[in-house]
Amino acid sequence: MNADATAGSAGPGRAAIVTVSYNSHDVLPPFLASTPAASSAPVEVVVADNDSADADGLRAVTEAAGARFLELGENRGYGAAVNRAVATLGPDVRWVLVSNPDVVLGAGALDRLIATAAADPTIGAVGPKVLEPTGEVYPSARLVPSLRTGLGHALFANLWPGNPWTKRYRQEGEQDLRRDAGWLSGACVLVRRDVFERLGGFDEGYFMYFEDVDLGWRVGHLGLRNVYEPAATATHVGGTATQGSSDRMRRAHHESAYRFLARKYRGWWLWPLRLVLRVALALRAHLTHTR
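The UniProt record's numbering puts the first residue of the sequence shown at 1, with every later residue one more than the last.
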């Protein structure tokens, strides 16, 4: 049986889609509406809720779409919510598509991602081409940041958008070719269930941001590949759940960026570089706040 046929079957190779909601009333319905056409057969969909103000309303929306609502009762972050949802899946689920709720999956996207991964056992994760509502391609398959690219991107991304460090990190000129990547955006990524579990899922030390960078980095350390598959598409429509919290999100982004790079370069002799990184990220936070 081919990978497309096994995507939603009841036998070995079954797939599931996991998303995380947090006051996601405006985006969850179109996301759920897009899931049936993403696969050639029915797929289990789980919505893990991070303590939304109207969890009952989101439960109703979820169950009306035939999906399962997992009310966590607390907000421990994106990665922790995904981990909890994956832990509830049956043992026959071989593939897990992790997606933000403010995404609309393209027709056949899940089938295409599974077909790509199933064709090569060295592939641990596959990500689609992520589109903005305007049709522009979001750079969702990037290099794992190094101190050089991390510092250059942190310092110049907003002041000099075309700087070489940001361009290299984002791999912006390679959006129409299937290729390996250092990591794939957690906005929409397919992961082999056994690989996800070998890694212990997402690192729950990241409340939000960089948990996907960390996961891709650890997939690579297993000797497996993160592959960008542009034949599968998903559109990032955005939502209103985080409006009014930009300062908090900015701080979380820079804290997570520092956590990742400090853990990647954790040798005691590298403390001067970690100090420079901390200062650079603080400067970027200040600059983005004042723009």
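By construction, the Cβ of each residue, glycine as well, lies at the ideal position given by its N, Cα and C atoms. As the structure is a prediction and not an experimental result, all values here were calculated from the model.
Does the separation of the CB atoms of residue i and residue j fall below 7 Å?
i, j, result
"P128", "T233", "yes"
"V47", "T62", "yes"
"S39", "D120", "no"
"E204", "L113", "no"
"D49", "E71", "yes"
"residue 340", "V144", "Because the chain spans 1 through 291 in this model, residue 340 falls outside it and cannot be assessed."
"V104", "T116", "no"
"A107", "A55", "no"
"D176", "R225", "no"
"R94", "G13", "yes"
Using the Cβ count rule (16 or more neighbours within 10 Å means buried), how would you classify residue i?
i, result
"D92", "exposed"
"H289", "Because the pLDDT at H289 is just 48, under 50, the model does not fix this residue reliably, and the point stays unresolved."
"P139", "buried"
"R291", "Confidence in R291 is poor, its pLDDT being 46 and thus under 50, which makes the residue's placement unreliable; the coordinate value appears in the next sentence. Flag for R291 reads exposed."
"G124", "buried"
"A33", "exposed"
"D214", "buried"
"V18", "buried"
"G244", "At G244, the pLDDT of 45 sits below 50, so the modelled position is not reliable; the number obtained from the coordinates is stated separately. Counting Cβ neighbours within 10 Å, G244 comes out exposed, since fewer than 16 surround it."
"D194", "exposed"
"A60", "exposed"
"R263", "exposed"
"G216", "buried"
"A87", "exposed"
"G201", "buried"
"N2", "Only weak support exists for where N2 lies, its pLDDT of 42 falling under 50; the coordinates are left without a value."
"T6", "Residue placement at T6 cannot be trusted, given a pLDDT of 40 that sits under 50; what the coordinates show is reported in the next sentence. When all chains shown are included, T6 counts as buried."
Just checking my contact of residue i with residue j at CB under 8 Å: how many whole Å lie between their CB atoms?
i, j, result
"P101", "V45", "Not a contact, Cβ separation roughly 11 Å."
"A64", "V43", "With 8 Å as the limit, A64 and V43 do not qualify as a contact, their Cβ atoms being about 17 Å apart."
"Y78", "E211", "6 Å"
"S52", "N23", "5 Å"
"L199", "R218", "5 Å"
"V227", "A187", "16 Å between Cβ atoms; not a contact."
"R142", "Y206", "Contact doesn't hold; Cβ gap of about 16 Å is too wide."
"G57", "H25", "7 Å"
Is residue i near the ligand SAM - that is, is its Cβ less than 6 Å away from at least one heavy atom of it?
i, result
"G77", "The model depicted lacks the ligand SAM and carries no ligand whatsoever."
Per DSSP, what are the beta-bridge partners of residue i in this structure?
i, result
"V102", "Before going further, note that residue 102 is Asp rather than Val in the sequence given. Looking at the DSSP assignment, D102 forms no beta bridge with any residue, so it has no partner."
"R263", "DSSP output for R263 lists no bridge partner at all."
"H236", "V103"
"A181", "N226"
"E71", "D49"
"T35", "In the DSSP output, where bridge partners are listed per residue, T35 has none listed."
"S40", "According to DSSP, S40 bridges with nothing at all."
**OP:** Quick one: which unbroken alpha helix (DSSP H) runs of 4-plus residues sit fully inside the stretch 104-147? Chain order, please.
**Re:** You should have 109-118.
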